[in-house]
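**Q** First residue of the sequence shown? That's 1287 in the working numbering, and the numbers climb one at a time after it.
For each residue, glycine too, the CB sits at the ideal point set by N, CA and C.
The structure presented is a predicted model; accordingly, all values stated were derived computationally and were not measured.
Dumping the structure here so I can ask a few things about it.
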Amino acid sequence: FNLKKFNNINEMRNRNTTHFQTLKELPTPFEQSQCVLHKHKLLICGGENERTCYSYHTLKNEYKFICDYPSDVELYGHCVLKLVDGNNNNDKDNNQITLLSFGSGWSGSNKHTLLMKYVSVWSDDNNNDENENETNKSKKFNQLNKSNNYNEWIPFTDNHNHPIIIGR
């Protein structure tokens, strides 16, 4: 284990040690948010007192709205996980992922365990028809998502449709 000794504070200041990039400002401020990376997107899933979820496109430096958590869900400590497909499908070829969110209110009350079938909100990921304008692509895409329950938080249930709550 070898540490480099800096004889002069200027030596340290002149080193480029930043591995982070400043992102475009979020449409809504978040505290204690949960994020999941999928392809070139960072999915931001709610935070303390904030139920909104966004997709941040790392190449375009833009945000798009995904959905809101249900109004009865309190996010004073929650966790969001990207579930791995048991069929070993290559994540790079799959535009759909499953997210699991669990947590509770401030005192541990109002526990939730929710599931989201997420598909990209970026139309260029889902529709390759270059002759169709962006507005029409977006309308068709939103209609498809609503009919298939994509991009919305729904209760996590067992085979008998009974809610499953993760937590103690």
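(1) Relative to the alpha-carbon of Y1477, which residue among Y1340, P1356, S1357 and Y1355 has its alpha-carbon at the smallest distance?
(2) Quick one: complete beta strand (DSSP E) runs, 3+ long, within the stretch 1355-1396?
(3) How many Å lie between H1326 and G1333 at the Cα?
(4) P1449 bridges to which residues according to DSSP?
(5) Kindly indicate the opening and closing residues of the beta strand (DSSP E) around S1341.
(6) By how many angstroms is the C-alpha of H1305 removed from the C-alpha of P1441?
(7) Check this for me: beta carbons of T1384 and I1451, under 8 Å apart or not?
(8) Over the uninterrupted beta strand (DSSP E) stretch that includes V1322, give me the two end residues.
(9) Rounded to whole angstroms, what's the CA-CA distance from V1405 to Y1342? Just pull it up for me.
(10) Could you tell me whether the Cβ atoms of G1389 and G1372 are closer together than 8 Å?
(11) Could you work out which residue in D1410, L1401, W1408 and Y1436 is closest to D1444 when comparing CA atoms only?
(12) Can you list, in chain order, the residues of its chain whose CB lies under 8 Å from that of Q1382, leaving out five sequence neighbours each side?
(13) Return the residue from the list K1310, S1395 and L1328 that minimises the CA-CA distance to G1453.
(14) Rounded to a whole number of angstroms, what is the C-alpha to C-alpha distance between K1368 and S1357?
(15) Is the CB-CB distance between T1366 and S1387 below 8 Å?
**A** To lay it out plainly:
(1) In the structure as shown, the chain begins at 1287 and stops at 1454. Residue 1477 is therefore absent and cannot be evaluated.
(2) If we require 3 residues or more, the beta strand (DSSP E) runs fully inside the stretch 1355-1396 come out as 1364-1369 and 1382-1389.
(3) Approximately 21 Å, taken between the alpha carbons.
(4) The partner list for P1449 (beta bridge, DSSP) reads T1443.
(5) Where S1341 is concerned, the enclosing beta strand (DSSP E) starts and stops at E1336 to H1343.
(6) The alpha-carbon atoms of P1441 and H1305 are separated by roughly 38 Å.
(7) At the C-beta level, T1384 and I1451 stay beyond 8 Å of one another.
(8) Bounds of the beta strand (DSSP E) holding V1322 are Q1320 to H1324.
(9) Answer to the nearest angstrom: the Cα atoms are 13 Å apart.
(10) Their beta carbons are not under 8 Å apart, which means G1389 does not touch G1372 by this criterion.
(11) Nearest C-alpha to D1444: L1401.
(12) Setting aside the 5 residues that flank it on each side, Q1382 is surrounded in the same chain by K1403, Y1404, V1405 and Y1436, each with a C-beta closer than 8 Å to its C-beta; the list follows chain order.
(13) For the residues K1310, S1395 and L1328, the minimum Cα distance to G1453 belongs to S1395.
(14) Rounded to the nearest angstrom, the two C-alpha atoms are 22 Å apart.
(15) Note on identity: in this sequence residue 1366 is Val, with Thr being the wrong assignment. Yes, the Cβ-Cβ distance between V1366 and S1387 is below 8 Å.
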